[in-house]
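Participant:
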Amino acid sequence: MRVIVGATGGLRVANGLSEGRCVEFPERFELGGGIDFVEKVDLFRRSLVLSALRSGGTLTRGAQLLGVNRSTLSEMLKRYGIEEREWKVVPFRE
Numbered sequence: 065m066r067v068i069v070g071a072t073g074g075l076r077v078a079n080g081l082s083e084g085r086c087v088e089f090p091e092r093f094e095l096g097g098g099i100d101f102v103e104k105v106d107l108f109r110r111s112l113v114l115s116a117l118r119s120g121g122t123l124t125r126g127a128q129l130l131g132v133n134r135s136t137l138s139e140m141l142k143r144y145g146i147e148e149r150e151w152k153v154v155p156f157r158e
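Quick note on our numbering: the sequence shown kicks off at 65 and runs consecutively.
Listed below in structure tokens is the structure:
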């Protein structure tokens, strides 16, 4: 079983050998014990975006590292509330 998380946050589980046999999940659901799966996935995706931006240093390079278009990365920044000051490295000057 594979979980596929789309750029817009949609979730699908691919069963079997092909993605053609997928089960769509609702926008939000709880796994039990108060764990919100979509919230946890969003936090994970946010950390991936931040890591790519910090490693790449620019939006263009960060998008390349994530394998998405620059415009898609810009949408992700808005969705996850990521501001430039969180990832942009400012050179130290004496």
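By construction, the Cβ of each residue, glycine as well, lies at the ideal position given by its N, Cα and C atoms.
Just so you know, these numbers come straight off a predicted model, no measurement behind them.
Between which two residues does the alpha helix (DSSP H) harbouring Val154 extend?
Facilitator: Taking the first residue of the sequence shown as 1, we reach residue 154 at position 90. Val154 -> no alpha helix (DSSP H), and no H or E assigned at all.
Participant: Return yes when at least one heavy atom of the ligand ATP lies under 7 Å from the C-beta of Asp100, else no.
Facilitator: The ligand ATP is not part of the structure shown, which contains no ligands of any sort.
Participant: Could you tell me whether the Cβ atoms of Leu107 and Ala116 are closer together than 8 Å?
Facilitator: Along the sequence shown, read from residue 1 onward, the residue named residue 107 stands at position 43. Along the sequence shown, read from residue 1 onward, the residue named residue 116 stands at position 52. Not a contact, by the Cβ cut-off of 8 Å.
Participant: Pick out whichever of Leu141, Arg157, Phe156 and Arg149 has its Cα sitting closest to the Cα of Val113.
Facilitator: Numbered from 1 along the sequence shown, position 49 holds the residue referred to as residue 113. Nearest of Leu141, Arg157, Phe156 and Arg149 to Val113, Cα basis: Leu141.
Participant: Do you know whose CA, among Asp100, Arg118 and Glu103, lies nearest Lys152's CA?
Facilitator: On the sequence shown, position 88 is the one that residue 152 refers to. Lys152 has its Cα closest to that of Arg118, out of Asp100, Arg118 and Glu103.
Participant: Let me know the secondary structure DSSP gives Met65 once reduced to three states.
Facilitator: Taking the sequence shown and counting its residues from 1, the one referred to as residue 65 is at position 1. Because the pLDDT of Met65 is 39, which lies under 50, any placement of that residue in the model is unreliable, and the number read from its coordinates should be weighed accordingly. DSSP places Met65 in coil when its eight states are reduced to three.
Participant: Distance, Cα to Cα, Gly126 vs Val132?
Facilitator: Here the question's residue 126 lines up with position 62 in the sequence shown. Here the question's residue 132 lines up with position 68 in the sequence shown. Cα-Cα distance, rounded: 9 Å.
Participant: Per DSSP, what kind of secondary structure is Val132 in: helix, strand or coil?
Facilitator: In the sequence shown, the residue the question calls residue 132 occupies position 68. Coil at Val132, not helix or strand.
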